[in-house]
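In the numbering used here, the protein residues as written are 846 to 1198.
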Ligand code: V47
């Protein structure tokens, strides 16, 4: 079949061809994606020992899929003090954790300093701790709320010690779907513009895709191709992370949960299409640990990390509130036939387990 031959020849696919990949059977797709994975990473699977902190859930935006922000469905607003956040970082550094991943809601009451000063305080105490913080959605919110340009906010992030940007807030780039699921927050062009500017500063970031809700297969492919285009110019994305939609406690009325079959196809297709993004993360929080382990056979070479605390997806039903035990995680990767490699936040290998 011509499409399969094209993939084998590593030729780039169009939106129509990418969408047609879904019509191939799962094992054909898996084999094609696995060839790509093996060429890039062999049987190595990356993970990191990290800690998520979500400092506030008060949000001026209303995304229909979100169960995390304080709302009628989740009436428990909170905002952590810097002292509370620093106490967490003191504790994790004491236990050898190397990355802190800080993502908040869009809280209009705290002031810009509350968002930025904490990074500087963390860096002053723990210069070796990698701070992955502020999604493009937060950058856009801070720029609008405090009358700053994206350039100013990005420079302030760097000055205050942010090392890399997480991939959140990308959702689905198609404007129609985006308007329906998260109208009002950063739009697609702005999301991509913020990451382009970040990369132009020599910095790295990740990129996510929220799928399994109201989007079509073609919308997913369109999302991937927009990423591929930006990556051709900047090369700044480390990792693509498809996030499986979690359906509890939110306002997006999706009745049918996406199948494991469709999730695996999506991992495999993204490995094939995103030939310029080195890593594909099966984020076990949203895929379940078991499916993330299987996803290693369908292109995924990264399983995120131990996480310790997770508030955004667990609010929507994911079984991730308390992270996963390191020994168990490593054992599962080994038992599934892969080589667990602990990495730092920018994919330098720290240890083979
Ligand atoms: O942007 C919100 C998603 C994201 C739901 O960069 C939901 O390494 C599923 O981006 N069902 C935040 N997903 C998390 C994120 C992330 C996670 C892990 C690693 C990295 C990285 C980034 O969570 C949001 C949104 O797309 N999200 N609600 C939900 N109901």
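Heads up, the beta-carbon is just placed ideally off N, CA and C, and yes, glycines get one too.
By the C-beta criterion, the segment 998-1014 is judged to be in contact with the segment 970-986, since at least 3 inter-stretch pairs fall below 8 Å. Check the Cα spacing between residue 1192 and each of 1081, 1061 and 920: the tightest is with 1081. DSSP places residue 1159 in the helix class (H, G or I) of the three-state scheme. The beta carbon of residue 941 sits closer than 8 Å to the beta carbons of 894 from its chain, once the five residues preceding and following it are set aside; these are given in chain order. Straight-line spacing of the CA atoms in residue 1000 and residue 870 works out to 47 Å. Per DSSP, residue 1130 is not a residue of any beta strand (DSSP E); the alpha helix (DSSP H) it occupies stretches across 1129-1132. Annotation: residue 990 to residue 1092 spans about 30 Å, alpha carbon to alpha carbon. Of the residues 1174, 1187 and 1149, the one whose Cα lies closest to the Cα of residue 946 is 1149. Assigned with DSSP and collapsed to three states, residue 906 falls in coil, not helix or strand.
Below 8 Å, too few C-beta pairs join the segment 1159-1168 and the segment 1037-1053 to call them touching: fewer than three.
Residues of the same chain with a CB within less than 6 Å of the CB of residue 1072, apart from the 5 flanking positions on each side, are 1052 in chain order. Every alpha helix (DSSP H) stretch that sits fully inside the segment 924-958 and reaches 4 residues is listed by chain position as 927-939.
Each of 1134, 1123, 1104 and 1195 was checked against the Cα of residue 882, and the nearest Cα belongs to 1123. The three-state secondary structure of residue 846, taken from DSSP, is coil. In this chain, the beta strand (DSSP E) harbouring residue 890 covers 889-893. Per DSSP, the beta bridge partners of residue 1010 are 1050. By the Cβ rule, the segment 1054-1071 counts as touching the segment 1106-1119, because three or more pairs are nearer than 8 Å.
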